[in-house]
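Engineer: If you're matching positions, the sequence shown starts at 400 in the numbering used here and goes up one per residue.
Idealized CB from N, CA, C, for every residue including glycine.
Computed from a predicted structure; not experimentally measured.
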Amino acid sequence: MGCVHYNNYFKNPTYKINVNEPTYIFIRLQIQTMKPPGMHVAIFELQEDGTPGSEIASSGAYSNLIQGVLSNKILLMPETVFSTWEPSPGPFTAFIYTSNMIEIQEICHE
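1. Just how far apart, CA to CA, sit residue 489 and residue 440?
2. Answer yes or no: do residue 506 and residue 423 have a C-beta to C-beta separation smaller than 8 Å?
3. Once the 5 residues before and after residue 501 are set aside, which same chain residues still bring their CB inside 8 Å of it?
4. Using the Cβ count rule (16 or more neighbours within 10 Å means buried), how would you classify residue 499?
5. Please name the residue in 457, 430, 444 whose C-alpha comes closest to that of residue 467.
6. Here's a check: name, in chain order, each residue in its chain whose Cβ is nearer than 7 Å to the Cβ of residue 455, leaving out the five neighbours to either side.
7. Using the three-state DSSP reduction, which class does residue 434 fall into: helix, strand or coil?
8. Smallest Cα separation from residue 450: which of 420, 410, 493, 497?
9. Report the rounded CA-to-CA distance for residue 465 versus residue 497, giving the unit in angstroms.
10. Would residue 468 pass as an interface residue toward chain B - the criterion being a Cβ-Cβ separation below 8 Å?
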């Protein structure tokens, strides 16, 4: 998929996260392979036109540790992008820990 290094970051799976009240969230991204690629989780504000705005939280530097990457704790408003360092598609698991109920909707890219 996409990564910052290849200027195609927003080709990654993208999800809109809806909250009805202020909600704290952590996101852990894991890839179930023996040699996971460098990966990263970033949370962006959603602009009125539906495009990603400013990054408001991330898991920090890209990492290929088998336990995955974990975002900072953040008080959430709308959008999340999962990213790998090299543009290579593959299955992943995102564990999302929240203080309140959330609704997640995948945003399809054409």
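Structural biologist: Let's see:
1. 15 Å
2. no
3. 416, 417, 418, 422, 424, 475, 495
4. exposed
5. 430
6. 442, 443, 444, 473
7. coil
8. 410
9. 23 Å
10. Absence of chain B from the displayed structure is noted, only one protein chain being present.
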